[in-house]
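Numbering (numbering that gives the first Met the number 0), first residue to last: 0 to 91.
Quick reminder that beta carbons are idealized off the backbone N, C-alpha and C, glycines included.
Data first, discussion second: the structure below is written as C-alpha coordinates.
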Amino acid sequence: MPKAAVSVYTTLRSRLGFARRELEGSTVGELIEALCAVKEPEIRKILLDEAGKVRGHFVLTLNSEMLDNAAARAVKISDGDILHIFPPVSGG
0 MPKAAVSVYT TLRSRLGFAR RELEGSTVGE LIEALCAVKE PEIRKILLDE
50 AGKVRGHFVL TLNSEMLDNA AARAVKISDG DILHIFPPVS GG
(Lines of atoms letter the chains of each structure in order from A and count residues from 1; the text may use other names and numbers.)
(Lines give C-alpha, C1' and ligand atoms only; values in the text may rest on other atoms or scores of the structure.)
Protein backbone atom coordinates (compact mmCIF):
# COMPACT_ATOMS: atom_id res chain seq x y z
CA MET A 1 0.00 0.00 0.00
CA PRO A 2 1.36 3.46 -0.88
CA LYS A 3 2.64 5.79 1.84
CA ALA A 4 1.92 9.50 1.64
CA ALA A 5 2.54 12.44 3.95
CA VAL A 6 -0.49 14.22 5.34
CA SER A 7 0.10 17.81 6.46
CA VAL A 8 -2.40 19.56 8.73
CA TYR A 9 -2.57 23.12 9.97
CA THR A 10 -3.88 25.25 12.88
CA THR A 11 -6.85 23.54 14.57
CA LEU A 12 -6.13 20.05 13.27
CA ARG A 13 -2.44 20.42 14.09
CA SER A 14 -3.15 21.44 17.68
CA ARG A 15 -5.75 18.69 18.16
CA LEU A 16 -3.58 15.95 16.64
CA GLY A 17 -0.30 17.11 18.14
CA PHE A 18 1.65 16.94 14.87
CA ALA A 19 1.98 18.90 11.63
CA ARG A 20 2.81 16.04 9.28
CA ARG A 21 2.57 12.28 9.43
CA GLU A 22 3.17 9.48 6.93
CA LEU A 23 0.10 7.33 6.51
CA GLU A 24 -0.78 4.38 4.29
CA GLY A 25 -3.62 4.45 1.81
CA SER A 26 -4.30 3.93 -1.87
CA THR A 27 -6.80 6.80 -2.09
CA VAL A 28 -7.29 10.18 -0.47
CA GLY A 29 -10.29 8.67 1.31
CA GLU A 30 -8.13 5.98 2.91
CA LEU A 31 -5.61 8.61 4.04
CA ILE A 32 -8.40 10.67 5.59
CA GLU A 33 -9.76 7.60 7.39
CA ALA A 34 -6.26 6.81 8.69
CA LEU A 35 -5.92 10.41 9.90
CA CYS A 36 -9.31 10.28 11.65
CA ALA A 37 -8.32 7.01 13.34
CA VAL A 38 -5.40 8.76 15.06
CA LYS A 39 -7.84 10.55 17.37
CA GLU A 40 -11.42 9.27 17.09
CA PRO A 41 -14.05 10.65 17.20
CA GLU A 42 -12.76 14.21 17.65
CA ILE A 43 -10.98 14.59 14.31
CA ARG A 44 -13.80 12.88 12.39
CA LYS A 45 -16.32 15.40 13.80
CA ILE A 46 -14.11 18.35 12.87
CA LEU A 47 -13.09 17.18 9.39
CA LEU A 48 -16.06 15.18 8.07
CA ASP A 49 -19.77 15.87 7.72
CA GLU A 50 -22.53 13.41 8.62
CA ALA A 51 -22.23 11.72 5.21
CA GLY A 52 -18.49 11.13 5.73
CA LYS A 53 -17.39 13.78 3.22
CA VAL A 54 -14.74 16.38 3.97
CA ARG A 55 -16.50 19.51 5.14
CA GLY A 56 -16.70 22.14 2.40
CA HIS A 57 -14.75 24.78 4.28
CA PHE A 58 -11.56 22.68 4.31
CA VAL A 59 -9.24 22.92 1.30
CA LEU A 60 -7.46 19.77 0.14
CA THR A 61 -4.43 19.74 -2.11
CA LEU A 62 -2.47 16.76 -3.38
CA ASN A 63 1.05 17.65 -4.48
CA SER A 64 0.00 21.33 -4.79
CA GLU A 65 -3.06 20.51 -6.93
CA MET A 66 -6.42 21.53 -5.45
CA LEU A 67 -8.94 18.74 -5.05
CA ASP A 68 -12.72 18.90 -5.27
CA ASN A 69 -13.89 17.87 -1.78
CA ALA A 70 -16.88 15.98 -3.20
CA ALA A 71 -14.69 13.76 -5.39
CA ALA A 72 -11.45 13.78 -3.37
CA ARG A 73 -11.99 10.47 -1.55
CA ALA A 74 -11.62 8.50 -4.81
CA VAL A 75 -8.36 10.16 -5.92
CA LYS A 76 -5.53 7.62 -6.15
CA ILE A 77 -2.37 8.04 -4.07
CA SER A 78 1.21 7.22 -5.10
CA ASP A 79 4.20 6.66 -2.83
CA GLY A 80 5.65 10.00 -1.75
CA ASP A 81 2.54 12.10 -2.40
CA ILE A 82 1.72 14.92 0.01
CA LEU A 83 -1.87 15.63 1.01
CA HIS A 84 -2.39 19.06 2.60
CA ILE A 85 -5.54 19.75 4.61
CA PHE A 86 -6.00 23.48 5.02
CA PRO A 87 -8.51 24.81 7.56
CA PRO A 88 -11.13 27.42 6.85
CA VAL A 89 -9.69 30.90 6.47
CA SER A 90 -11.53 34.17 6.64
CA GLY A 91 -10.58 37.76 6.82
CA GLY A 92 -11.67 41.15 5.92
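- With respect to the C-alpha of Lys-75, the residue from Ala-18, Cys-35, Tyr-8, Ile-31 having the closest C-alpha is Ile-31.
- Between the alpha carbons of Met-0 and Gly-24 lies a gap of roughly 6 Å.
- Within the same chain, and ignoring the five residues on either side of Ala-71 in sequence, the residues whose Cβ sits closer than 7 Å to its Cβ are Val-27, Val-53, Leu-59.
- Beta-bridge partners assigned by DSSP to His-56: none are found.
- For the pair Ala-3 and Leu-66, the CB atoms are not nearer than the 8 Å cut-off.
- A residue is called buried when at least 16 other Cβ atoms come within 10 angstroms of its Cβ; Val-7 meets this threshold and is buried.
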